[in-house]
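Student: The opening position of the sequence shown corresponds to residue 4 in my numbering, with each subsequent residue numbered one higher.
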Amino acid sequence: MKVTAEKIDAHKVVLELEVPQPEVAKAVDRAYHKLAAQVNIPGFRKGKAPRKILEMRLGKQALLDEAFEMLATPAYAKALDEQSIEPVTRPEIEVVTFEEDKPLVFKATVVAKPEIELGEYKGLKVAKPAVTIGEEDISRQLTNLQNRHAKMVVAEDAALEKGDFAIIDFQGTIDGVPFEGGEGKGYPLEIGSGSFIPGFEEQLIGAKAGEERLVTVTFPADYHAKELAGKEADFAVKIEDVKRKEVPAIDDDFAKEVGEFNSVEELKADIENRLKQAAADKADRDFRQNAVKAAADNCTVDIPTVMIESEIDNMLREMDISLQNRGLSLAQYLEATKTDIATMRAGYRESAAASVKTDLMLAAIAKAEKVEATPEDLDNEVAAMAAGYKAPVEEVKKIILAEGRLDALARSVVRKKAAQLVVDSAVAE
Numbered sequence: 004m005k006v007t008a009e010k011i012d013a014h015k016v017v018l019e020l021e022v023p024q025p026e027v028a029k030a031v032d033r034a035y036h037k038l039a040a041q042v043n044i045p046g047f048r049k050g051k052a053p054r055k056i057l058e059m060r061l062g063k064q065a066l067l068d069e070a071f072e073m074l075a076t077p078a079y080a081k082a083l084d085e086q087s088i089e090p091v092t093r094p095e096i097e098v099v100t101f102e103e104d105k106p107l108v109f110k111a112t113v114v115a116k117p118e119i120e121l122g123e124y125k126g127l128k129v130a131k132p133a134v135t136i137g138e139e140d141i142s143r144q145l146t147n148l149q150n151r152h153a154k155m156v157v158a159e160d161a162a163l164e165k166g167d168f169a170i171i172d173f174q175g176t177i178d179g180v181p182f183e184g185g186e187g188k189g190y191p192l193e194i195g196s197g198s199f200i201p202g203f204e205e206q207l208i209g210a211k212a213g214e215e216r217l218v219t220v221t222f223p224a225d226y227h228a229k230e231l232a233g234k235e236a237d238f239a240v241k242i243e244d245v246k247r248k249e250v251p252a253i254d255d256d257f258a259k260e261v262g263e264f265n266s267v268e269e270l271k272a273d274i275e276n277r278l279k280q281a282a283a284d285k286a287d288r289d290f291r292q293n294a295v296k297a298a299a300d301n302c303t304v305d306i307p308t309v310m311i312e313s314e315i316d317n318m319l320r321e322m323d324i325s326l327q328n329r330g331l332s333l334a335q336y337l338e339a340t341k342t343d344i345a346t347m348r349a350g351y352r353e354s355a356a357a358s359v360k361t362d363l364m365l366a367a368i369a370k371a372e373k374v375e376a377t378p379e380d381l382d383n384e385v386a387a388m389a390a391g392y393k394a395p396v397e398e399v400k401k402i403i404l405a406e407g408r409l410d411a412l413a414r415s416v417v418r419k420k421a422a423q424l425v426v427d428s429a430v431a432e
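(1) On the CB-based measure, 16 or more other CB atoms within 10 Å of its CB, does D1 come out buried or exposed?
(2) So, is E441 buried or exposed, given that buried needs 16 or more other C-beta atoms within 10 angstroms?
(3) From L270 to Q144, what distance separates their C-alpha atoms?
(4) Which of helix, strand or coil does DSSP assign to K29?
(5) Quick check on the burial criterion: 16 or more other C-beta atoms within 10 angstroms. Buried or exposed for L127?
(6) Please go through the region 231 to 273 and give each complete beta strand (DSSP E) segment of 3 or more residues, from N-terminal end onward.
(7) Got a sec, what are the start and stop residues for the beta strand (DSSP E) M155 sits in?
(8) So for Y437, helix, strand or coil by DSSP?
(9) Whose CA, out of A394, V309 and V417, lies closest to the CA of H14?
(10) Counting pairs of beta carbons, one from the region 221 to 234 and one from the region 244 to 258, are three or more of them closer than 8 Å?
(11) Counting beta carbon pairs with one atom in the region 89 to 100 and one in the region 281 to 292, are three or more of them shorter than 8 Å?
(12) Just to confirm, are A39 and M73 a CB contact at a threshold of 8 Å?
(13) Please confirm if the region 296 to 303 is in contact with the region 113 to 123, defined as three or more CB-CB distances below 8 Å between the two stretches.
(14) Taking the C-alpha atoms as reference points, what is the distance between I318 and I324?
(15) Quick check: the Cα distance between D160 and G209, rounded to an integer number of angstroms?
(16) Can you tell me the Cβ-Cβ gap for A28 and E102, rounded? I've got them flagged as a contact below 8 Å.
(17) Tell me which same chain residues have a C-beta within less than 8 Å of the C-beta of I311, skipping the five on either side of it?
(18) Taking the beta carbon of Y392 as the centre, do at least 16 other beta carbons fall within 10 Å, making it buried, or is it exposed?
(19) Note down, one range per segment and in chain order, each alpha helix (DSSP H) of at least 4 residues found wholly within the region 375 to 431.
(20) Report the rounded CA-to-CA distance for L333 versus M347, giving the unit in angstroms.
(21) What do you get for K113, buried or exposed, if any count of 16 or more other CB atoms within 10 angstroms of its CB means buried?
(22) So, does the region 163 to 177 touch the region 188 to 199, judging by three or more C-beta pairs under 8 Å?
(23) Looking only at its chain, what residues have a beta carbon closer than 7 Å to the beta carbon of E26, apart from the 5 residues adjacent to it on each side?
(24) Taking only runs of the beta strand (DSSP E) that begin and end inside the region 95 to 141, which ones reach a length of at least 3 residues, in chain order?
(25) Check the C-beta distance from T361 over to V295 and give it rounded, since I have them as a contact under 8 Å.
(26) List the residues that DSSP assigns as beta-bridge partners of K15.
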């Protein structure tokens with residue numbers, strides 16, 4: 004087989020392949036036997052119809068098409084190997100000549116994975132935040148605990164203030180006519196939360212239980228219910244109750260209530276330890292990210308646009324899945340945020356380019372350092388995945404094999420090991 008390669012721009016390569024005529028004839032014959040075994044032709048058993056009869060039934064082009072698939076796929080794979088090309092797109096195929104009594108000549112145009120020039124990636128000096136926990140951090144956590152264990156109690160004869168909960172009945176009207184969704188009974192509204200129409204909560208401040216007020220507001224122009232957007236509405240509101248948070252005192256009894264602690268000092272010590280551990284974990288994550296980013300910043304590579312766009316596609320798919328898990332669709336998210344897919348893609352472009360560059364760098368480091376994924380590495384990765392999904396290890400392994408994802412898993416493991424090599428050699432500052 005003859006192969007020539009021509010670069011037509013920085014990333015695109017055209018391969019011209021020529022398969023000898025004897026191989027073409029053999030492939031056409033194999034195609035005939037394959038199709039004959041699949042097609043029912045009256046008067047002949049499957050696989051026994053003469054070739055001329057089969058060609059009359061299916062057309063000669065059907066045989067050539069089948070033969071082309073038999074020839075082109077292995078020829079293309081061999082050409083990539085010979086030319087040391089790793090494609091990042093599916094090939095665009097152009098048949099130049101293809102007849103049974105002539106060599107097959109076809110062109111395959113692909114975007115090749117770019118060469119990356121590694122810079123320094125070992126012994127990098129990388130910032131690592133110091134882990135410091137102060138009294139104010141502990142106090143903040145104690146206040147959060149207080150609020151989580153607070154009780155809502157009726158505030159007798161109290162006037163509503165910011166932070167209070169008003170238990171209200173309300174009926175809304177526009178031009179004196181009630182509208183859908185404008186009525187509620189026993190609704191708990193936190194004053195100052197901003198959960199109602201702008202201006203609604205403020206007009207209830209100072210009201211007491213049993214009091215009735217008329218609240219007038221204007222729906223925002225971008226309100227989700229378009230039939231109400233920009234319209235003025237009146238709400239007849241009755242305050243049924245005023246409730247306030249009653250937070251427990253921070254004492255030994257409180258410490259015993261929130262956990263197995265004998266005193267406030269034990270509780271504070273536990274909070275301090277947990278905050279230090281969380282801060283240390285974050286410092287380690289930041290150090291790891293900073294080390295890999297520093298190594299990537301030292302690299303030089305011209306990334307094909309198609310690779311960046313593909314990474315953006317992946318990001319959008321992940322976001323769509325995340326939204327679906329929360330009961331939303333990407334279309335609903337775009338509408339709620341008043342944006343469009345083109346704007347969102349543009350916003351992802353910089354991070355997508357950085358992600359692609361990092362992947363290319365880690366693959367290059369793995370090659371330079373001869374990093375490989377051992378069977379033990381793969382077993383550990385599968386076990387970690389199984390633990391994350393809370394599924395049996397053997398079941399996860401079967402799925403990976405059935406879906407042909409073992410190579411992708413191995414590449415992921417190799418990238419992680421390459422990243423760890425960068426991190427392990429980095430020097431914390």
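The C-beta atom is built at its ideal place from N, Cα and C for all residues, glycine as well.
Note that the coordinates shown come from a computational prediction; the quantities given were computed from them, not determined experimentally.
Tutor: The short version:
(1) Nothing can be reported for residue 1, as the shown portion of the chain is limited to 4 through 432.
(2) Any question about residue 441 goes unanswered here, given that the chain covers just 4 to 432.
(3) For the purposes of this step, residue 270 is identified with residue 267 of the sequence shown, where counting begins at 1. For the purposes of this step, residue 144 is identified with residue 141 of the sequence shown, where counting begins at 1. Distance between the alpha carbons of L270 and Q144 is about 11 Å.
(4) As a first step, residue 29 is located in the sequence shown; it is residue number 26 there, counting from the start. Looking at K29 - three-state DSSP - the assignment turns out to be helix.
(5) Start at 1 with the first residue of the sequence shown, and residue 127 comes out as number 124. With at least 16 other beta carbons inside 10 angstroms of its own, L127 counts as buried.
(6) 235 to 249
(7) Taking the first residue of the sequence shown as 1, we reach residue 155 at position 152. Start and end: K154 to V157.
(8) Not covered by the structure: residue 437. The range shown for the chain is 4 to 432.
(9) Position 11 of the sequence shown holds residue 14. Taking only the C-alpha atoms, the option nearest H14 is V309.
(10) no
(11) The region 281 to 292 makes no contact with the region 89 to 100; the number of CB pairs closer than 8 Å stays below 3.
(12) The residue labelled residue 39 in the question sits at position 36 within the sequence shown. The residue labelled residue 73 in the question sits at position 70 within the sequence shown. It is not a contact, given that the beta carbons lie outside the stated cut-off.
(13) As far as the Cβ criterion goes, the region 296 to 303 touches the region 113 to 123, which means the pair count is three or higher.
(14) Looking up residue 318 in the sequence shown gives position 315. Looking up residue 324 in the sequence shown gives position 321. Inspection of the sequence shows that residue 318 is occupied by Met rather than by Ile. Note on geometry: alpha-carbon atoms of M318 and I324 lie some 10 Å from one another.
(15) Position 157 of the sequence shown, counted from the start, is the residue given in the question as residue 160. Position 206 of the sequence shown, counted from the start, is the residue given in the question as residue 209. Computed Cα separation, rounded: 11 Å.
(16) Taking the sequence shown and counting its residues from 1, one reaches residue 28 at position 25. Taking the sequence shown and counting its residues from 1, one reaches residue 102 at position 99. Rounded, the Cβ-Cβ distance is 10 Å, inconsistent with contact.
(17) One-based indexing of the sequence shown puts residue 311 at position 308. These residues qualify, in order along the chain: R352, A355, A356 and V359.
(18) Here residue 392 is taken as the residue at index 389 of the sequence shown, counted from 1. Y392 counts as exposed, since fewer than 16 other beta carbons sit within 10 angstroms of its beta carbon.
(19) 378 to 392, 396 to 405 and 409 to 428
(20) Position 330 of the sequence shown, counting from 1, holds the residue named residue 333. Position 344 of the sequence shown, counting from 1, holds the residue named residue 347. Taking the straight line from one Cα to the other gives about 11 Å.
(21) One-based indexing of the sequence shown puts residue 113 at position 110. Checking the sequence shown, residue 113 turns out to be Val, not Lys. With 16 or more Cβ atoms within 10 Å of its Cβ, V113 is classed as buried.
(22) yes
(23) In the sequence shown, the residue the question calls residue 26 occupies position 23. These residues qualify, in order along the chain: L74.
(24) 95 to 100 and 107 to 114
(25) The count along the sequence shown starts at 1 and reaches residue 361 at position 358. The count along the sequence shown starts at 1 and reaches residue 295 at position 292. 6 Å between Cβ atoms; contact.
(26) Locating residue 15 in the sequence shown gives position 12, where the first residue counts as 1. Answer by DSSP bridge pairing, in chain order: V114.
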